[in-house]
Every structure is written in C-alpha cells, then in structure tokens.
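For reference, the structure discussed in these notes is given below.
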Amino acid sequence: MVPLSWYLLLAAALFAIGLYGFLTRRNMIVMFLCIELMLNGANLNLVALSHYLQDLRGQIFTFFVIAVAAAEAAIGLGIMLALFRNRRSVYSDSITSLKE
Amino acid sequence: MAEPFVFDVASLALAAPECFLVALGVLLVCAEFLFPGQRLLLPALTMTGILTTLGLVLAGSAGIGFGGMFQVDGLARFFKVVCLVGTVFTVLLSQRNRQVEGMRHGEYYSLLIFAVTGMLVMASAADLIVVYLGLELMSLSIYCLVGLLKHDLRANEAAMKYFIMGAFASAVLLYGISLVYGLAGTTNLAAVSAQIAGRDAASEPLLLAGIGLLLVGLCFKVGAAPFHQWTPDVYEGAPTAITAFMSVAPKAASFAVLARVMLAGFLPIHEVWAVLVAGIALLTMTVGNVIALSQTSIKRMLAYSSIAHVGYALLGVLAGTEEGLSATMNYLFIYAFMNMGAFAVVILLAEKGQRRESLDDYRGLAASNPMLAALMLLFMFSLTGIPPTAGFIGKFSLLMAAVHAGYTGVVVAAVMLSAVSAYFYLRVVRYMYMDAPAGGKDVGLSAGVAVALGLAMVGVIGLGVAPSALVSLASQAGIGFP
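Keeping their order, the protein sequence lines are chains P and Z. Quick note: the first sequence uses the numbering used here, first residue 1, plus one each step. Quick note: the second sequence uses the numbering used here, first residue 1001, plus one each step.
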C-alpha cells in the first residue's frame, strides 16, 4: 500500500511544475497546459485525501473539476484561435496592443 | 460529519431564483434561434427575467438546502440583490453599447444570464464545492462575453489575458481547497469552521498554506493587488457595457464568497489571516490610487479606481466583525450605482468609429452637454467620497468599522490614499468645466442609457441622503458572529 504522503508529494510536485511553467513560459498554449497540470495536482490531492478520509466528497469534487476543466479548455482554445486568426501568434510577448 | 445529501422540493424552492435563471438562459438561446430578426425581444426578455428573479430573491425564505451545500440567508440575499442590480444596469447600457461596437451576437444575453446564475450560486454557497462551481460558471461566461467581438484585436487580447489569469487563479484556489479539505476532513464551511476552532492554526503550516492559496485565488477574482495586473487591460479591451458589468457584479459575488469563506469558515483563526488581508488591502489601495493618477484613458482610470475600491471594501472583511461585514456590503451596493453611472456616461459619449475613451475627450463637456457633465460630476464626487453623496456614507462606515476593530494604521493610510484619489477623479471634473471644448460632441441619447443614468443618480443621491434603510438591511446579514 502506497502511503498518503507519497500522493500528496506527487500532487505538490505537479502543482509546483505547473506553477513554474506558467510563470516562465511565454507560449499561451504551454501556459494553459501548465494550468491543467496545476488542476490535476489539486485533483490528485482530492482523490488521495478522499480515499484516506473514507469520505466520498473529494472524489465527487474531482469529477466536477474534470468537467469544468473540459469546458474551460473549450473556451480557452476558442479564444486562442480567435486571437491567432487576427494576430498569427500565440506568444504573450507579442500581445501588447493594450498597455499603459 | 456532514448530513447526508438529500434532493428534495424544499431545497429546490430555496434555489428558485437560480433555477429560474437557468431556464431563462436556455430560453434566450432558443428565442435568438427562432426569432433572429427581433432586435428588442432579447433585451426585453432578459430585463423581465432579471426583475422577476429580483422578486424571487426578495420573496424567498431563508434556509439551508441540498444537504448543507446551499444556504439562503441575509448575506446571500443582499449580495444577490447587488449582483442583480448590476445586471439590470448592464442590460440597460447594452443596447446602445452593442450598436456602437457593432455587436450583433444573440448569445450575449444568455451568457449574461448564465454569469449571473453563477454569481447567485456563489452568494449562496455554503460548501467549497459549490463555491468552485459557481465561480467557474460565472468566470467561463464572462471570458466569452469579453471576447465576443471575435474580429476586434483588443477584445481578443483582453479575453486571452482574462482567461489565462482567471484559469490560473481557479487552479490556485482549487489547490487551496484541496489542502483545506484534507486537514478539515470536509468541504462544508460550517463543519470546517467547527473543525479548526479548537486548533492552533499557527502551528499547522499546511492549513496556513491552504488558507493562503484560497485567499490568493479569491484576490485574483476581485482584482486585489498584487494580483490585479489583468484588470486594466481587460477593462480597456472589453466592450464597455461588459467592463461596467465586470467592475460591479462579479466583484460583489467574489466578495460574497470571500466574506463567507473567511468569516463563516475561518473566523476562529481571524488573527492569523488578518495580517495578510491588511497587507493586501493596503497594497491594493496604494496601487489603485497611485497608478490611476497617470492614466490618460477613462476606462483604464476607472479600472485602477475599481482596484482602489476593492481595497476599501477589504477593510470590512479585515475587521472580521458584524459591523465590518455590513459596511462592506453597503459599500458594494453603493459602488454599483456610482460606478454604473460613470460607465453610462462613458458609453453615451462613444459613437460609431469614435471610442472617445481618452480623458481629453471630456474637455469642455459642460459647455456642450451640461446635463451629462453634471451627472459625471456627481458620480466622480461619489467615487471620491464627498458628502452628501452615497460614496461618502459607504467609505465612512467602512473606516469606522476598521477603527472599531483596532486597525487604526490601515485606516489612516486609507484616508490619505483617498485624498490622493481626489486628484484623478476631480481632474475629470476640471476638464469638463474649466477647459475649452475640443470639437463639438453631439451625443445621441438612448432610452436605456437615460434610464440607467436616472437610476444611478437617484441611487447616489438617495443613498447618500437617507442611507438608514440600506444600513439596516445590510446589518441583517447574520452569519453568526460570536
């Protein structure tokens, strides 16, 4: 049996990798992938804790999160597509028509 | 532990406004599909629906439903009213703004309705799962609304920035929720509160991390510094009616969650998170007021002003008392009127092909449009917090609440920064009244905007002269302070 702490560490690692990638990458698609990584870190946390606590709430929550993330991906990629059609770029450095 | 989940009619009756709004949103999609030529059908349906929902919210009874996940109480009802009032304004402003921006999408109104549904769910959320779902329903709808003008580069960019930052904030929030779930063993806020009441939170770093991440996620959503960077760009790029909407309704809903989570969930360890909130409030007020000084676009200036106002509103949450909470609630209600009024003027000035969003466009407005200039003057005075406008009452009660809770230092800073804010609000007034007109401005009046302006004026003056009704309503929040 794998102890709970391993799962929590893996989840924290996923979240940290996602956070690092989000802050350092400049490609919008990769930034979005990093957000998904962070979400999955949280999901893993919820499922592992749910099993540990013998409480179903965490697992139910995870299903909701997965469903919401799917909707989010659809909307996000839609917005990115619209931007790409007008700009031909998905790099955040080149998107600067709004600034101080 | 939590009571078993039951799906019963009593719970459904509690959620009647939300159920009605979902039905309305679906109906609007169908109406757009079936009667594509009817220009006024959708706004009329939306307005009727929102007013009906307002009635349902006010007539509904208090209670807890869906196995403790959904709660209707004074707090929920008040914030629902604020969100719905903000939406009423938005619908009034939309018709004109949509004409000017050339936006003909029928899904506009249904997205608006779904966003409001999310906000009402947030206001009633008594469980972290419901908090997350309401927040996402609101955010996803607003991402679409911001980016609805697919061929406008500025709208694309605003939507992209809002989406990336919003999704990031949700992920951070969710990770915080997962930590709190692990340490409290439940997602129900009342149960979480009971769980951590007896513990020494300062010695549990994971619990602190969970609360911190939750707070960060919520601060992103309300646009508090240092998580405010998306606000000016998104406000500038979005269609103005949606900017007005975003500055009021989602903020109110996020504050409802902030109040519910921090005050109902984590009140037992108030002294631990109060330091953090005090710092955020101070930084938010400073950033908002100081950067607003150097803005040349009225939409960007109002964006920084909205950041500053979030800082003021945080003072009530910081106080952690019944008085503080009701002051925050009052303030958000008053803010809805004054900010919507200011945005109504901005929308009215814009013409097809001419955004007129620069501060220079306001030079000499008093000579060409004395009525409009007088109204803008009123809203600017109220945003500054000059009596007898409502803005003064709101700010005064917030500062009093924070002083009573013992945060004198923060209040002193707030008052000083409020004086700074007078510069950029009154600069608009100076441009309007003391400068020579820069070209004639023929302003075509629209019925919707006129009604919105009238409503905002009545609100700002009425709540400023006779605030007692509002204050007594807000003080009935009753989320059980010890």
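Glycine residues also receive a C-beta, built at the ideal position from the N, C-alpha and C atoms.
Buried versus exposed call for residue i [16 or more other C-beta atoms within 10 Å across all chains shown]
i                : result
Y71 of chain P   : Looking at the sequence provided, one finds Ala at residue 71 of chain P rather than Tyr. So A71 of chain P counts as exposed.
N27 of chain P   : exposed
L1112 of chain Z : buried
G1510 of chain Z : Given that chain Z is displayed from residue 1001 to residue 1482, the structure contains no residue 1510 of chain Z and the question cannot be resolved.
F1007 of chain Z : exposed
L19 of chain P   : buried
A1401 of chain Z : buried
M1416 of chain Z : exposed
D93 of chain P   : exposed
D1230 of chain Z : According to the sequence provided, residue 1230 of chain Z is Trp. The question's Asp does not apply to it. So W1230 of chain Z ends up on the buried side.
S1061 of chain Z : exposed
C1030 of chain Z : exposed
E952 of chain Z  : Here chain Z comprises residues numbered 1001 to 1482, so residue 952 of chain Z is not present and cannot be evaluated.
R1430 of chain Z : exposed
T1296 of chain Z : exposed
W6 of chain P    : exposed
K1251 of chain Z : buried
T1087 of chain Z : buried
M1376 of chain Z : buried
Interface residues of chain P facing residue i [CB-CB closer than 9 Å]
i                : result
R1154 of chain Z : S97 and L98
H1151 of chain Z : A82, R85 and N86
G1147 of chain Z : I75, G78, I79, A82 and L83
Three-state class that DSSP yields for residue i in the structure shown
i                : result
A1443 of chain Z : Sequence check: residue 1443 of chain Z is Val here, not Ala. Three-state result, V1443 of chain Z: coil.
N1369 of chain Z : coil
F1070 of chain Z : strand
A1125 of chain Z : strand
E1351 of chain Z : strand
I1298 of chain Z : helix
I1064 of chain Z : strand
S50 of chain P   : helix
Y91 of chain P   : strand
A82 of chain P   : helix
S1358 of chain Z : strand
A1469 of chain Z : helix
L1189 of chain Z : helix
Listed by chain order, chain P residues near residue i by CB distance under 8 Å
i                : result
F1220 of chain Z : Neighbours of F1220 of chain Z on chain P: none; closest Cβ ~13 Å, over 8 Å.
I1129 of chain Z : R57, I60, F61 and F64
Chain B contact for residue i (CB, 8 Å cutoff)
i             : result
L9 of chain P : Of the protein chains in the structure, P and Z, none is chain B.
Cross-chain neighbours of residue i in chain Z, by beta carbon under 9 Å
i              : result
G58 of chain P : S1178, Y1181, G1182 and T1187
V68 of chain P : Y1132, L1133, E1136, L1137, L1140 and S1170
L46 of chain P : L1174, I1177, S1178, Y1181 and G1182
I35 of chain P : I1164, A1167, F1168, S1170 and A1171
Cβ distance (whole Å) where residue i is taken to contact residue j below 8 Å
i                : j                : result
L1075 of chain Z : A1256 of chain Z : 7 Å
L1120 of chain Z : P1226 of chain Z : That pair is no contact at about 30 Å.
A1249 of chain Z : L1093 of chain Z : Actually they are not in contact, since the Cβ atoms of A1249 of chain Z and L1093 of chain Z sit about 13 Å apart, beyond 8 Å.
S1193 of chain Z : P1239 of chain Z : Their Cβ separation, rounded to whole angstroms, is 41 Å, which puts S1193 of chain Z and P1239 of chain Z out of contact at 8 Å.
I1393 of chain Z : L1463 of chain Z : 7 Å
V1172 of chain Z : L1140 of chain Z : That belief does not hold up - the Cβ atoms of V1172 of chain Z and L1140 of chain Z are roughly 17 Å apart, past 8 Å.
A1190 of chain Z : A1264 of chain Z : 7 Å
G1448 of chain Z : Q1095 of chain Z : 5 Å
L1145 of chain Z : A1169 of chain Z : Not really, about 18 Å apart at Cβ, beyond 8 Å.
F1379 of chain Z : G1341 of chain Z : 4 Å
Per-residue contacts from residue i into chain P (C-beta, under 7 Å)
i                : result
E1101 of chain Z : What E1101 of chain Z touches in chain P: nothing, since even the nearest Cβ is about 16 Å away.
A1159 of chain Z : I79
Y1143 of chain Z : I75 and I79
G1237 of chain Z : L98
Chain Z contact residues for residue i, given Cβ-Cβ distances below 8 Å
i              : result
V65 of chain P : Y1132 and L1174
M1 of chain P  : Result: empty, since nearest Cβ-Cβ is about 18 Å, beyond 8 Å.
Closer than 7 Å at the beta carbon, the chain Z residues around residue i
i              : result
G41 of chain P : Y1175
A71 of chain P : L1140
>> Closer than 8 Å is the cut-off here; do at least three beta carbon pairs connect the segment 1191-1206 of chain Z with the segment 1143-1151 of chain Z?
In response: no
> Does the pairing of the segment 1015-1023 of chain Z with the segment 1085-1102 of chain Z give three or more beta-carbon distances under 8 Å?
Replying inline: no
> Are the segment 1453-1469 of chain Z and the segment 1336-1350 of chain Z touching, with three or more C-beta to C-beta distances below 8 Å?
Replying inline: yes
>> Would you call the segment 1045-1052 of chain Z in contact with the segment 1062-1069 of chain Z, where contact means no fewer than 3 C-beta pairs closer than 8 Å?
In response: Contact between the segment 1045-1052 of chain Z and the segment 1062-1069 of chain Z is absent: fewer than 3 CB-CB pairs across the two stretches fall below 8 Å.
> Pairing CB atoms from the segment 1381-1400 of chain Z with CB atoms from the segment 1124-1139 of chain Z, are three or more of them under 8 Å?
Replying inline: no
> Given 8 Å as the limit, is there contact between the segment 45-64 of chain P and the segment 1179-1190 of chain Z, that is, 3 or more CB pairs closer than that?
Replying inline: yes
> Counting Cβ pairs closer than 8 Å, one from the segment 1302-1311 of chain Z and one from the segment 1206-1225 of chain Z, do we hit at least three?
Replying inline: yes
>> With three or more beta-carbon pairs closer than 8 Å as the criterion, would you say the segment 66-81 of chain P touches the segment 33-44 of chain P?
In response: yes
>> Tell me whether the segment 1344-1362 of chain Z and the segment 1397-1414 of chain Z touch, counting them as touching only if at least three CB pairs, one residue from each stretch, are closer than 8 Å.
In response: The segment 1344-1362 of chain Z is not in contact with the segment 1397-1414 of chain Z.
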